[in-house]
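So the structure is just underneath, and the comments pick up after that.
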């Protein structure tokens with residue numbers, strides 16, 4: 155099968171500069187050769203790309219997919235579908251894809267920021283003074299006010315009755331059962347102690363008189 159041979163030199167000092175400027179021409183399936191003449195679709199092309207320093211970037215073989223003529227602003231583009239390529243070309247393709255992924259992430263962040271700016275510009279925030287509301291009525295002691303209209307309980311809450319709150323008596327008050335119990339025990343202890351003292355005194359007197 156006849157084929158076309160293309161040897162091209164790109165005006166960059168190193169691989170990094172080439173990828174920055176022309177990395178978009180590379181993918182796993184195809185490549186775009188810039189500044190090349192037109193060839194019929196399906197033509198087999200064996201090509202080699204070098205830098206101006208003489209470094210060889212890639213050597214591969216492909217078939218013509220399409221051709222775009224150049225103009226005063228853009229160079230001509232000869233797009234080839236890869237048929238085979240060497241290890242150096244494979245590594246260059248992977249580097250181009252990695253760089254494209256990073257660049258795409260940067261564009262997404264920029265798009266998000268621009269979209270947010272558009273929203274802020276098209277929908278400014280309006281501030282309005284808040285009118286003073288009527289003060290809430292005081293509730294009676296031990297009664298909780300319902301927030302539902304008409305003073306009804308909230309049906310969603312199971313129609314529960316409000317809990318009544320009552321003040322608890324002090325443990326030290328006179329009416330406290332705890333205080334009464336302590337006082338009774340203290341009285342009993344004092345009475346028993348007095349009875350014991352009296353019994354000891356009687357026994358002492360009897361011993362002295364005898």
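In my numbering, the protein residues as written are 155 to 364.
We put the CB at the ideal spot given by N, CA and C, even for glycine.
Whole-angstrom distance between residue j and residue i, CA atom to CA atom
i: residue 256; j: residue 167; result: 22 Å
i: residue 246; j: residue 211; result: 7 Å
i: residue 173; j: residue 205; result: 12 Å
i: residue 242; j: residue 209; result: 11 Å
i: residue 190; j: residue 234; result: 12 Å
i: residue 180; j: residue 161; result: 17 Å
i: residue 361; j: residue 355; result: 10 Å
i: residue 249; j: residue 170; result: 9 Å
i: residue 182; j: residue 251; result: 8 Å
Terminal residues of the beta strand (DSSP E) in which residue i lies
i: residue 231; result: 231-239
Cut-off 6 Å between Cβ atoms - residues of its own chain near residue i, not counting five sequence neighbours on either side
i: residue 238; result: 215
i: residue 213; result: 202 and 240
i: residue 301; result: With a pLDDT of 42 at residue 301, under the threshold of 50, the modelled position of that residue is not reliable, and the figure given next carries that caveat. Cβ within range, chain order: n/a, list empty.
Cutoff 8 Å; reference residue i; Cβ partners in own chain excluding five residues on either side
i: residue 158; result: 193, 197, 198, 199 and 200
i: residue 253; result: 173, 174 and 177
i: residue 184; result: 216, 219, 233, 234, 235 and 236
Nonlocal neighbours in the same chain, by C-beta distance under 7 Å from residue i, ignoring five residues either side
i: residue 165; result: 206
Residues sharing a beta bridge with residue i, DSSP
i: residue 354; result: Residue 354 pairs with nothing; no bridge assigned.
Complete alpha helix (DSSP H) runs within the stretch 168-241 (minimum length 4 residues, chain order):
169-176
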